[in-house]
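Chains as they are written, first to last, in my numbering: chain R, 1 to 131; chain F, 1 to 148.
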């Protein structure tokens, strides 16, 4: 394994259904994640994915690379740089590319590039994994 | 009311214990499109050395939420929910959360910065188990938009 290696790449199809399930599971019932009229009233194009949903799914390719052992993740951080609008009919496709960012005594740092329609939506998305 | 600049350094009382349920972990795992058997199947989790299903990394947000509610409810803090945007998020683990954990969270506001009319409030929520041992720290930066 070398710095720069792509260890996983995966696309996720989000729908309004995905957002409703995440709202229930997380307890985040902000209506901008399920009502277009409320989202538009605060200047958004429409319903957006929860930033924490995007962050939550973006780490999954790394967990799969770890053989499913999510307990090996020791640190996970991200900035929310761009919203992901989820169209009522078409949904939204989010793509995750996970690359080795650094290797040291504390383990491995995996850097995530998370995009929607070709633009990154998370900034400095980094996962630390124990050796 | 703008964000109180004296908010930096303020800490809040520990939240009521949150008992992590197996079905809640599974529900959350499915919601973040997790497929790992360790997140979903108690037998698979035990075979891997965990006492029960392992919560996905971002599940800590559910425990952290009670602390952020304390901040929003603190009128003196001046953090108006309708103006808040989630700027960034971090989780730093001592160990993963597993079903059966009874967790409490204690939050401290570690930084308040103003930037062009906006305020950036960073709050660190330290989450501990029933023995008092640290499990994970969840840190959020909330961007509070100023008057338009």
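We put the CB at the ideal spot given by N, CA and C, even for glycine.
8 Å Cβ cutoff met for residue 126 of chain R and residue 111 of chain R = In the first chain, the residue the question calls residue 126 of chain R occupies position 126. In the first chain, the residue the question calls residue 111 of chain R occupies position 111. In contact: residue 126 of chain R and residue 111 of chain R (Cβ atoms closer than 8 Å).
Quick one: is residue 98 of chain F buried, meaning 16 or more other Cβ sit within 10 Å of its Cβ, or exposed?
-> Residue 98 of chain F sits at position 98 when you count from the first residue of the second chain. Counting the other Cβ atoms within 10 Å of the Cβ of residue 98 of chain F gives 16 or more, which makes it buried.
Skipping 5 residues on each side, what residues in its chain have a beta carbon closer than 6 Å to that of residue 141 of chain F?
-> Sequence index remark: in the second chain, residue 141 of chain F carries index 141 (1-based). For residue 141 of chain F, where only same-chain residues beyond five positions count, the Cβ hits under 6 Å are 87, 88, 120 and 122.
Positions along the stretch 54 to 78 of chain R whose CB lies within less than 8 Å of some CB in chain F | The residues in question are 55, 56, 57, 59, 60, 63, 64, 68, 69, 70, 71, 73, 74, 75, 76, 77 and 78.
Can a CB atom of chain R be found closer than 8 Å to the CB of residue 37 of chain F?
-> Counting from one through the second chain, the residue named residue 37 of chain F turns up at place 37. In terms of beta-carbon proximity, residue 37 of chain F lines the interface with chain R, with at least one pair separated by less than 8 Å.
Is it true that the stretch 75 to 92 of chain R meets the stretch 96 to 116 of chain F, where meeting means three or more beta-carbon pairs spaced less than 8 Å apart?
-> Pairwise C-beta distances place the stretch 75 to 92 of chain R out of contact with the stretch 96 to 116 of chain F, as fewer than three of them are shorter than 8 Å.
Proximity test, Cβ basis, 8 Å: residue 22 of chain F and chain R | One-based indexing of the second chain puts residue 22 of chain F at position 22. Closer than 8 Å: no.
For residue 98 of chain F, name the three-state secondary structure that DSSP assigns.
-> Taking the first residue of the second chain as position 1, residue 98 of chain F is located at position 98. Residue 98 of chain F falls in the strand class under three-state DSSP.
For residue 33 of chain F, go through chain R and note every residue whose CB falls closer than 7 Å to its CB, in chain order.
-> As a first step, residue 33 of chain F must be located in the second chain, where it is residue number 33. Chain order gives the chain R residues near residue 33 of chain F as 12, 57 and 60, where near means a beta carbon separation below 7 Å.
Who does residue 124 of chain F pair with in a DSSP beta bridge?
-> Within the second chain, residue 124 of chain F is the residue found at index 124, counting from 1. Answer by DSSP bridge pairing, in chain order: F/108 and F/139.
Interface positions of the stretch 52 to 67 of chain F facing chain R (Cβ-Cβ less than 9 Å), listed along the chain | Residues of the stretch 52 to 67 of chain F whose Cβ lies closer than 9 Å to any Cβ of chain R, in chain order: 54, 55, 56, 57, 58, 59, 61, 62 and 65.
Let me know if residue 51 of chain R comes out buried or exposed under the rule of 16 or more other beta-carbons within 10 Å of its beta-carbon.
-> Here residue 51 of chain R refers to the residue found at position 51 when the first chain is read from its first residue. So residue 51 of chain R counts as buried.
Proximal residues of chain R, C-beta to C-beta of residue 87 of chain F below 7 Å = Here residue 87 of chain F refers to the residue found at position 87 when the second chain is read from its first residue. Simply 79 and 80.
How big is the Cα-Cα spacing for residue 98 of chain R and residue 135 of chain F?
-> For the purposes of this step, residue 98 of chain R is identified with residue 98 of the first chain, where counting begins at 1. For the purposes of this step, residue 135 of chain F is identified with residue 135 of the second chain, where counting begins at 1. If you draw a straight line from the Cα of residue 98 of chain R to the Cα of residue 135 of chain F, it is about 26 Å long.
Does any residue of chain F bring its CB to less than 8 Å from the CB of residue 21 of chain R?
-> As a first step, residue 21 of chain R is located in the first chain; it is residue number 21 there, counting from the start. For residue 21 of chain R, a Cβ of chain F is located within less than 8 Å of the residue's own Cβ.
What residues from chain R crowd round residue 96 of chain F, counting only those whose CB sits closer than 7 Å?
-> Translated into the one-based positions of the second chain, residue 96 of chain F becomes position 96. What residue 96 of chain F touches in chain R: 70 and 71.
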